[in-house]
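Residue numbers (UniProt numbering): 1 to 135. Every residue gets a Cβ at the ideal spot worked out from N, C-alpha and C, and that includes glycine. Note that the structure is predicted; figures quoted are calculated from it, not measured. Please read the structure below before turning to the comments.
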Amino acid sequence: MSELQDDLKSDRRHTPAHRCRHQRVRARRGLGVALGADWRIASEHAQLGLPEVTLGLIPGGGGTPRLARLIGISRAKELLMTRRQVSAADALPIGLVDEVPAGEAHSSVVEWASRFTHSAPLAVAASPIAWPMPS
1 MSELQDDLKS DRRHTPAHRC RHQRVRARRG LGVALGADWR IASEHAQLGL PEVTLGLIPG
61 GGGTPRLARL IGISRAKELL MTRRQVSAAD ALPIGLVDEV PAGEAHSSVV EWASRFTHSA
121 PLAVAASPIA WPMPS
């Protein structure tokens, strides 16, 4: 069983630090999955996009509204309808990713996750659901 599968079954699975820690793994599995994370950290060579339209599909699992909330409706429509790939450098200023570290992204993910270690775990875990997502 993979480390990700083990962690998903553990009690730590809902903490922001865990979400951040697996950002690199999520990005390799698709932008649609990464859009469900609280933060997205992309390697400097990452190419992000939603190619489902080439298969006659639209992104499932809430990817379409999440993308629009992050980068605006006009940009989201462009990415969805054209299957354009966005470089990590271009994704940062539009809000598609939160950080693009130079070199290996793993150490940046660990550093980002460590920001939460001195906070009360239950309060940190409840914070993302304490306010509604903008429509």
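When DSSP builds the beta bridges, which residues end up paired with residue i?
i	result
S87	Q47
E99	I41
Quick one: what's got a C-beta closer than 7 Å to residue i's C-beta in the same chain, skipping five residues either side?
i	result
R66	L35 and G36
Excluding the 5 residues preceding and the 5 following residue i in the sequence, name in chain order all residues of the same chain whose CB lies nearer than 8 Å to its CB.
i	result
P101	I41, S43, E44, S107 and S108
I58	E52, T64 and L80
R75	I94
Quick check: residue i and residue j, are their CB atoms within less than 8 Å of each other?
i	j	result
A105	V97	no
residue 205	G61	Absent from the structure is residue 205, since the part of the chain shown begins at 1 and ends at 135.
With a CB to CB cut of under 6 Å and the five nearest residues on each side skipped, what residues in its chain are close to residue i?
i	result
Q85	Q47 and G49
K9	The predicted model places K9 with a pLDDT of 48, which falls under 50 and marks its position as unreliable, so this point remains unresolved.
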